[in-house]
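Engineer:
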Amino acid sequence: MNYYKGLLAAVALAFVVSFAVPVDAQWGGGQGERPSAEEMEKRRQEERAKLYATLELDETQTKLVDSLLTAADTLRQSLMEEMRASFGDRETMREIREDMQGLQKDLDEKINKVLTEDQRKLYAAYRQEQAQNRGRWRRRGYG
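With the numbering used here applied, the sequence shown covers -19 to 123.
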């Protein structure tokens, strides 16, 4: 009888481990894999192309919006590096988060100045979709 209990326990353990290991490997140990710089740049370019197509920007608008986004990306990267350097300092991290929110608000205002009224509505809908997608990623544990 003890033999069967031990065998049953071993089979149960093997069953659990066989499902846990692939899930852990697939999701990077629950932490998520950090994309490479090349992957980040590719995603950034794809997202910009989607934005430009959604807004149906003309050539002048595309150049202006692209320069605004590039400048904002540079500032955002600088703030992210500062945030990583201050890891654990809650006050500094809070201030940096506020700076990032201000940066996004400023960027939105500048982009809206370049757009027509119809494009502003499309941009607002686009930003709303982005916010919803970020919420989904965070609820799933990716962000």
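Note that beta-carbon positions come from the ideal geometry of N, C-alpha and C, so glycine has one too.
(1) Only counting the same chain, and skipping five residues up and downstream in sequence, which positions put a Cβ closer than 7 Å to that of Gln112?
(2) Using 8 Å for Cβ pairs, my map puts Arg107 next to Asp88. What's the rounded Cβ distance?
(3) Could you compute how far the alpha carbon of Asp60 sits from the alpha carbon of Lys22?
(4) Is the region 29 to 42 touching the region 90 to 109, taking contact as three or more C-beta pairs under 8 Å?
(5) Runs of 4 residues minimum, wholly inside the region 85 to 119: which ones carry the alpha helix (DSSP H) assignment?
(6) Specify the secondary structure class of Gly68 as computed by DSSP and reduced to three states.
(7) Looking at C-alpha atoms only, which residue of Glu27, Glu78 and Ala17 is the closest neighbour of Gln110?
(8) Between which residues of its own chain and Glu62 is the CB-CB distance below 7 Å, once the five residues before and five after are set aside?
(9) Excluding the 5 residues preceding and the 5 following Thr34 in the sequence, name in chain order all residues of the same chain whose CB lies nearer than 7 Å to its CB.
(10) Hey, could you find the ends of the alpha helix (DSSP H) Glu13 is sitting in?
(11) Do Leu31 and Arg56 have their CB atoms nearer than 8 Å?
Structural biologist: Short version:
(1) none
(2) 7 Å
(3) According to the sequence as given, residue 60 is Met; it is not Asp. Going from the Cα of Met60 to the Cα of Lys22 covers about 19 Å.
(4) yes
(5) 97 to 119
(6) coil
(7) Glu27
(8) Ile76
(9) Leu102 and Tyr106
(10) Element bounds for Glu13: n/a, residue is neither H nor E.
(11) no
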